[in-house]
Amino acid sequence: MRHLWPRPDHMISGVSYERVVALSPHFDDAVLSVGGLLGDLAGRTLVVTVHGGSPSDDAPSDWDRLCGFASATAASSARGREDRVACGVIGAECAHLPLPDGAYGAPASVDALTDALRAHVTEDTLVLVPAGVCRHADHHRTRDTALKTLAEMGVGQVWLYADQPYASRSGHWGGPGAETLADEVWRERMAWVVENFGLPEARTLRLTAEAWAVKHRAILAYASQLGPLATYAGHFLALDGPLRTEMIWRVGLRPTPSSPGEAEREGRA
458 MRHLWPRPDH
468 MISGVSYERV
478 VALSPHFDDA
488 VLSVGGLLGD
498 LAGRTLVVTV
508 HGGSPSDDAP
518 SDWDRLCGFA
528 SATAASSARG
538 REDRVACGVI
548 GAECAHLPLP
558 DGAYGAPASV
568 DALTDALRAH
578 VTEDTLVLVP
588 AGVCRHADHH
598 RTRDTALKTL
608 AEMGVGQVWL
618 YADQPYASRS
628 GHWGGPGAET
638 LADEVWRERM
648 AWVVENFGLP
658 EARTLRLTAE
668 AWAVKHRAIL
678 AYASQLGPLA
688 TYAGHFLALD
698 GPLRTEMIWR
708 VGLRPTPSSP
718 GEAEREGRA
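Whatever position you read off the sequence shown (first residue = 1), add 457 for this note's numbering.
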């Protein structure tokens with residue numbers, strides 16, 4: 458079994474950085490996935506929600522309706538407020554880009570993400586990017602755009618994180634079975650990443666009771682999402698549940714990667 462790192466900051470020991478930027482495809486993804494790590498890293502931390510906007514027609518998605526919202530604007534406004542509270546709990550700042558969620562229809566231009574990376578990331582920035590272990594097109598689009606842009610910028614401290622709650626749905630998350638997923642199943646979904654950047658062994662963390670308590674409190678801030686998420690992801694907030702485990706990979710960026718294929722679309726969950 459792989460070594461379980463005793464503390465979040467130990468997973469990136471020996472890495473020099475002055476600030477952290479974490480990309481979150483949607484309002485809750487980064488905190489669900491690596492809230493423990495983000496809460497423990499030194500320096501200023503910024504969580505950037507990529508799909509934080511509403512469609513021009515303001516029509517709610519099926520997920521919006523499931524969460525009790527009558528319009529896309531009402532949903533994004535409420536989720537933005539929740540995200541500010543959640544990020545505050547883990548000691549992070551937040552920024553919301555105006556791209557609409559892919560659940561609203563055709564994907565919008567990713568120029569806003571590219572511009573945000575160039576505005577907030579320098580050579581002294583550690584960047585956390587969703588790994589895309591799910592089949593969600595928004596996650597793949599965020600990952601692929603970010604890695605291409607960061608490679609062009611020459612940024613050296615880039616890490617992927619296992620997307621939650623998708624990663625935990627395997628039934629093996631948190632145990633030796635997760636290693637098999639990371640090495641085999643998920644590598645197939647990250648084939649473009651492996652081909653262009655390489656992907657070393659995953660680093661896995663089991664949060665301490667104290668760190669999990671902070672992350673748990675942050676997750677509870679996403680009140681509008683918790684009911685539907687519990688239906689979708691089961692006991693994800695349990696004391697010894699799946700979100701107490703976090704996984705990251707360090708990426709060795711090389712310049713001018715080949716263009717990724719079209720990400721397979723999946724509805725927002």
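The beta-carbon is built from N, C-alpha and C at its ideal position, and this holds for glycine as well.
Item, Value
"Whole-Å CB distance - D620 paired with H596, under 8 Å assumed", "6 Å"
"Enclosing beta strand (DSSP E) for S481 [first to last residue]", "R476 to S481"
"For G500 and S473, the rounded distance between their alpha carbons", "11 Å"
"Beta-carbon proximity of L585 to V477, cut-off 8 Å", "yes"
"Straight-line Cα distance separating G613 from V650", "15 Å"
"Opposing strand residues paired with R536 [DSSP bridges]", "In the DSSP output, where bridge partners are listed per residue, R536 has none listed."
"Exposed unless 16 or more other CB atoms sit within 10 angstroms - verdict on R536", "buried"
"N-terminal and C-terminal residue of the alpha helix (DSSP H) that A680 is part of", "A680 to A690"
"Contact set for H553: own chain, Cβ-Cβ below 6 Å, skip 5 residues either direction", "T506, G509 and G537"
"DSSP state of I547 mapped onto helix, strand, coil", "coil"
"Distance, L583 Cα to L498 Cα", "10 Å"
"Closest residue to G559 among A573, D521, A588 and S534 (Cα-Cα distance)", "D521"
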